[in-house]
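2 protein chains.
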Amino acid sequence: MSFLPADAPTGRLLGRIALVGAGPGAADLLTLRALERLRTADVVFYDRLVDPAVLALTPARKVFVGKEVGANSWPQTRINAVIVAAALAGLRVVRLKSGDPSVFGRASEELEAARLAGIPVEIVPGITAASAAAASLCRPLTERGQTERLLIATATCRPGAVAKVAAGFSAGSTLVLYMAMHRLAEVEVELLAAGAPADCNVDIVQHVETSSERHLQSRLQGMAQAASAAGLGNPAIVLVCWPLAESVRMPAEFQKLALCVTDSSRI
Amino acid sequence: MSFLPADAPTGRLLGRIALVGAGPGAADLLTLRALERLRTADVVFYDRLVDPAVLALTPARKVFVGKEVGANSWPQTRINAVIVAAALAGLRVVRLKSGDPSVFGRASEELEAARLAGIPVEIVPGITAASAAAASLCRPLTERGQTERLLIATATCRPGAVAKVAAGFSAGSTLVLYMAMHRLAEVEVELLAAGAPADCNVDIVQHVETSSERHLQSRLQGMAQAASAAGLGNPAIVLVCWPLAESVRMPAEFQKLALCVTDSSRI
Numbered sequence: 001m002s003f004l005p006a007d008a009p010t011g012r013l014l015g016r017i018a019l020v021g022a023g024p025g026a027a028d029l030l031t032l033r034a035l036e037r038l039r040t041a042d043v044v045f046y047d048r049l050v051d052p053a054v055l056a057l058t059p060a061r062k063v064f065v066g067k068e069v070g071a072n073s074w075p076q077t078r079i080n081a082v083i084v085a086a087a088l089a090g091l092r093v094v095r096l097k098s099g100d101p102s103v104f105g106r107a108s109e110e111l112e113a114a115r116l117a118g119i120p121v122e123i124v125p126g127i128t129a130a131s132a133a134a135a136s137l138c139r140p141l142t143e144r145g146q147t148e149r150l151l152i153a154t155a156t157c158r159p160g161a162v163a164k165v166a167a168g169f170s171a172g173s174t175l176v177l178y179m180a181m182h183r184l185a186e187v188e189v190e191l192l193a194a195g196a197p198a199d200c201n202v203d204i205v206q207h208v209e210t211s212s213e214r215h216l217q218s219r220l221q222g223m224a225q226a227a228s229a230a231g232l233g234n235p236a237i238v239l240v241c242w243p244l245a246e247s248v249r250m251p252a253e254f255q256k257l258a259l260c261v262t263d264s265s266r267i
Numbered sequence: 001m002s003f004l005p006a007d008a009p010t011g012r013l014l015g016r017i018a019l020v021g022a023g024p025g026a027a028d029l030l031t032l033r034a035l036e037r038l039r040t041a042d043v044v045f046y047d048r049l050v051d052p053a054v055l056a057l058t059p060a061r062k063v064f065v066g067k068e069v070g071a072n073s074w075p076q077t078r079i080n081a082v083i084v085a086a087a088l089a090g091l092r093v094v095r096l097k098s099g100d101p102s103v104f105g106r107a108s109e110e111l112e113a114a115r116l117a118g119i120p121v122e123i124v125p126g127i128t129a130a131s132a133a134a135a136s137l138c139r140p141l142t143e144r145g146q147t148e149r150l151l152i153a154t155a156t157c158r159p160g161a162v163a164k165v166a167a168g169f170s171a172g173s174t175l176v177l178y179m180a181m182h183r184l185a186e187v188e189v190e191l192l193a194a195g196a197p198a199d200c201n202v203d204i205v206q207h208v209e210t211s212s213e214r215h216l217q218s219r220l221q222g223m224a225q226a227a228s229a230a231g232l233g234n235p236a237i238v239l240v241c242w243p244l245a246e247s248v249r250m251p252a253e254f255q256k257l258a259l260c261v262t263d264s265s266r267i
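Quick mapping for you: the protein sequence lines, in order, are chains A and B.
Counting in the UniProt record's numbering, the first sequence runs from 1 upward without gaps.
Counting in the UniProt record's numbering, the second sequence runs from 1 upward without gaps.
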């Protein structure tokens, strides 16, 4: 197993696996618990979207498992096998995932593999992109009396299936879409067909909490064209707000955002 | 203003307000950014559910604003007024909220008050209770091919209104309810009436990530009675999982949880 450090411990009892949420990007959005797991890890298996500044916090051997579409990606079964093998070799394994492992993190298969091998496993939660995007926009995901439900969905879930992102989207909801930029035109049509008002507020936050964060504000009707014109793509978060009352959709509401403390560039 | 420290700075430029997510309870689930804001704050206004271990991390003056039902609670307008007044006096203000301020955190009114007063304001995201509960249960909120939507709702949103928690709940969804324990019987009826299978898996996590965390596993039908028999109440998180395939609802699935590393007591 080439990923094992040269000084891998021998004779130590069973290792353990922590599925650790790295948060959206910025290293200071790690939790203290995540930092502790990184600092005491023997080996860290990380994904494409994990920020280098986060990786710099761990002295462990770092292994890129390339969860991206196309060449150089590791199949999930191989990831499962190596994290289990490392733990069986007595190592403290961190499986580092961007955001929160519980939200579209494909944690189930790794948890299952660890359990079947009898290895203690834990999830260390992370800040999910929806929370980070809302913080960056300085606008909550729910607003008392206006949006009382939060719906989180993805457009890229099952292989071969097109997720129905509009299911359950109704007045009083905020819809947050993960990894939906490549089919934003379809999403726009689907949401409008489901009855969402054409002037629903839309915010798209690309590369949230990284140095290249960008923000686009739009209305639902026209959002795909606006995003395309701005050259936005994944990874990005799309927030669609369908409030209970018309008044909240007033453009003037957004002028008040100017004082929000943020370093992100605005389109 | 009695909450000002005796050595409040004079002549300093305008202060600032950070709405900081304290996370679910455990101090090590704070983010590094939240910790930095706490350490450099002049005054911290905190809610009922914020853990004393989190408060111990800040040298700032601490003011309890008692957001709870009944006596000793501060009306929202008073909270708005004092945080703005403190910032206008040049102080670095932290408004510390349990969980994530963006999710049922009533942040809008405080953001608005700060903006109207011309005070720089930011949101520091926190681990929301849904993420913490999933991590504690060692089971993701979404599972590829089974639950592809996450629906977060509360049963106590608008004064005088009963939230419709079942809106949008369908096969392929995980529903997470915040602060719903006092009307769990109604919720059960509503979800069953909406067509949710009687044998949907339900997990209730009370006091997540605190020393008194408790966990109850149930089926949808009978969950209110089971929770009542166990003496569970708010604050708790209710997770209802309605997978796409029947097989996931097999009881055997849950036996594998035994290896999950956790310190919480299980009912």
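Every residue gets a Cβ at the ideal spot worked out from N, C-alpha and C, and that includes glycine.
Cross-chain neighbours of residue i in chain B, by beta carbon under 9 Å
i, result
"I152 (chain A)", "L141, T142, R149, L150, L151 and I152"
Chain-ordered neighbours of residue i on chain A, where CB pairs are closer than 8 Å
i, result
"L29 (chain B)", "T31, L32, R33 and P125"
"C138 (chain B)", "L111, V121, E122 and I123"
For residue i: DSSP bridge partner residues
i, result
"D203 (chain A)", "A:Q217 and A:L239"
"F45 (chain B)", "B:V63 and B:R95"
"V176 (chain A)", "A:I152 and A:L239"
Neighbouring residues, chain B, relative to residue i (Cβ below 7 Å)
i, result
"S73 (chain A)", "Going along chain B, no residue has its Cβ under 7 Å from S73 (chain A), so there is no contact; the nearest lies around 15 Å."
Beta-carbon neighbours of residue i, restricted to chain B and to distances below 8 Å
i, result
"F169 (chain A)", "G168"
"residue 284 (chain A)", "Here chain A covers residues 1 to 267 and nothing more, so residue 284 (chain A) does not appear."
Contacts that residue i makes with chain A (C-beta to C-beta distance below 9 Å)
i, result
"E36 (chain B)", "D28"
Cross-chain neighbours of residue i in chain A, by beta carbon under 7 Å
i, result
"T128 (chain B)", "S131"
"A135 (chain B)", "S102, I123, V124 and P125"
Contact test: residue i Cβ vs the ligand MN heavy atom, cutoff 7 Å
i, result
"R115 (chain A)", "No copy of the ligand MN appears in this structure; indeed no ligand is present at all."
My parser needs the beta strand (DSSP E) runs of 3 or more residues fully inside the stretch 12-39 of chain B; what are they?
16-21
Which residues, in order along the stretch 84-111 of chain B, keep a beta-carbon less than 9 Å from a beta-carbon of chain A?
D100, P101, S102, V103, F104, G105, R106, A107, S108, E109 and L111
As an exercise, report each continuous beta strand (DSSP E) stretch of at least 3 residues that is fully enclosed by the stretch 57-102 of chain B, in chain order.
61-64 and 92-97
Are the stretch 120-133 of chain B and the stretch 96-103 of chain B touching by the rule of at least three beta carbon pairs closer than 8 Å?
yes
Secondary structure, beta strand (DSSP E): runs of 3+ residues fully inside the stretch 121-173 of chain B
121-124 and 149-154
Three or more C-beta pairs closer than 8 Å, one from the stretch 144-151 of chain B and one from the stretch 53-62 of chain B: is that the case here?
no
Do the stretch 168-187 of chain B and the stretch 131-140 of chain A meet, that is, are 3 or more Cβ pairs less than 8 Å apart?
no
Counting Cβ pairs, one atom from each stretch, are 3 or more of them under 8 Å apart for the stretch 209-221 of chain B and the stretch 18-31 of chain B?
yes
Measuring CB atoms only, is the stretch 15-23 of chain A touching the stretch 83-94 of chain A, in the sense that at least three cross pairs come out at less than 8 Å?
yes
Validate contact between the stretch 105-114 of chain A and the stretch 77-85 of chain A using beta carbons, cut 8 Å, 3 pairs:
yes
Determine, using beta-carbon pairs with one atom in the stretch 235-244 of chain A and one in the stretch 193-202 of chain A, whether at least three such pairs fall under 8 Å.
yes
If we count Cβ pairs, one from each stretch, closer than 8 Å, do we get three or more for the stretch 165-175 of chain A versus the stretch 223-237 of chain A?
no
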